[in-house]
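Protein sequence lines correspond, in order, to chains A and B. FYI, the numbering for the first sequence is 1 to 122, going by our numbering. FYI, the numbering for the second sequence is 1 to 184, going by our numbering. Only one structure is covered here, and it is reproduced in the block below.
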Amino acid sequence: MLDILIVDDSAGIRKILQRVIRQAEIPLGAVHEAGDGCEALELLKTQTVGLILSDINMPNMNGLELLSHLKAHDTLKHVPVVMVSTEGSQQKVLEAVQLGAAGYVRKPFNAEQIKEKLAAFF
Amino acid sequence: MSESNAQISRTELVAAITVATTEVFSTMLGIEITPGETQTEPRAAAPPESGVVSLIGLAGPWVGTGGIACTGALACRISAAFLTTTVEAVNDDVLDAVGEITNMIIGNVKTAIEEKVGPMGLSTPTVIFGRNFQTRSARIHEWTVVAFTCEDERLYVQLCVAPNQEPVHGTIRAGFQVPQVLNI
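Below is the structure:
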């Protein structure tokens, strides 16, 4: 069972991601939520997670900025981060991979796509 | 041809809007949506009496605004399908769902037009619920509006973009926030 963190400024998307992961029969532990990169970093001061799913377009601190902070951190740099975003251009995907993203899911998504992309982490 | 001199035809914009909207509705909502007439308007569409308008800014070598407009009743149906729950009135959850659907539609339109004009940034959505209002883009005056039929209601997906007259320095930060012009 893996504890995960979902970072998205839409409460609806956070709820849908949880539902889709459960539909995909992926064994989940605790699911933590954050509305932007700042909230995510604050939460990670007290919670340990094995996987982070993060949107890119968010206020205050976007997903790519969050990724940079995580990869510069001594202990958090090992936590895999999968980007879940409407940003589907090759340039954006490449930028995320170069910053250290472990995967990329384009919105809109369905349960099969989520299952396929996340299977390696569970 | 440099990216800033690239041209996007109205036909290409309509095609990008149609593909993105039908894909988002079928994949995320399980709702069939049918594209109808397209128009070029001096201002964005808004439901005549009351409704929800959601707007997202685009910036880069081209700049502008994209968004959707629909009645409050259709916004509730979209939210109910999105969250698989029952929704009876426009509330924060409905505005959140409409904003996210707008983000997906305009985000995918952006990805399509980036192939011609180069990388662009996308703002976070601004969602408005009210009556008797109009939305305008401060500098660009022509909106491409595609009307869709969705469960006997109308949904308008609209976009106004034009080449950026200002030089672009560096990359546009994803998730930037932009002010919108609202006339009541």
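Note that CB positions come from ideal geometry on N, CA and C, so glycine has one too.
Exercise. Do we get a CB-CB distance below 8 Å when we pair Glu112 of chain A with the residues of chain B?
Worked result: no
For this session: Tell me whether Thr40 of chain B sits in a helix, a strand or coil according to DSSP, three-state version.
Result: strand
Problem set entry | Per-residue contacts from Ala174 of chain B into chain A (C-beta, under 9 Å) | Ile56, Asn57, Met58, Asn62, Gly63, Leu64, Glu65, Ser85, Glu87, Lys92
Exercise. With distances taken between CB atoms, is the gap from Ile8 of chain B to Lys116 of chain B smaller than 8 Å?
Worked result: yes
Exercise. Nearest chain B C-beta to Asp3 of chain A closer than 8 Å, yes or no?
Worked result: no
For this session: Kindly say whether Thr27 of chain B, judged by its beta-carbon, lies nearer than 8 Å to any beta-carbon of chain A.
Result: Chain A, which has a Cβ nearer than 8 Å to the Cβ of Thr27 of chain B, makes this yes.
Exercise. Any idea what DSSP makes of Gly84 of chain A, helix, strand or coil?
Worked result: Residue identity differs from the one stated: residue 84 of chain A is Val in this sequence, not Gly. The answer is strand: DSSP assigns Val84 of chain A an E or B state.
Problem set entry | Other residues of its chain near Lys71 of chain A: CB distance less than 6 Å, five sequence neighbours each side excluded | Lys77, Gly100
Exercise. With DSSP run on the structure shown, which of helix, strand or coil describes Ser79 of chain B?
Worked result: helix
Exercise. Lys15 of chain A touches chain B at which residues, Cβ-Cβ below 8 Å?
Worked result: Leu83
Exercise. How about Gly37 of chain A and Met61 of chain A: do their beta carbons lie closer than 8 Å?
Worked result: yes
For this session: Assess, as a yes-or-no matter, whether the stretch 87–94 of chain B is touched by the stretch 143–152 of chain B under the definition of 3 or more beta carbon pairs within less than 8 Å.
Result: no
Exercise. So, does the CB of Lys117 of chain A fall closer than 8 Å to a CB anywhere in chain B?
Worked result: Chain B, which has no Cβ nearer than 8 Å to the Cβ of Lys117 of chain A, makes this no.
For this session: List the DSSP bridge partners of Ile56 of chain B.
Result: B:Gly66
Exercise. So, does the CB of Glu88 of chain B fall closer than 8 Å to a CB anywhere in chain A?
Worked result: no
For this session: Inspect the beta-carbon positions of Gly88 of chain A and Asn108 of chain B and report whether they are closer than 8 Å.
Result: Between Gly88 of chain A and Asn108 of chain B, the CB-CB gap stays under 8 Å.
Problem set entry | Chain-ordered chain A contacts of Glu114 of chain B [CB-CB under 7 Å] | Ser89
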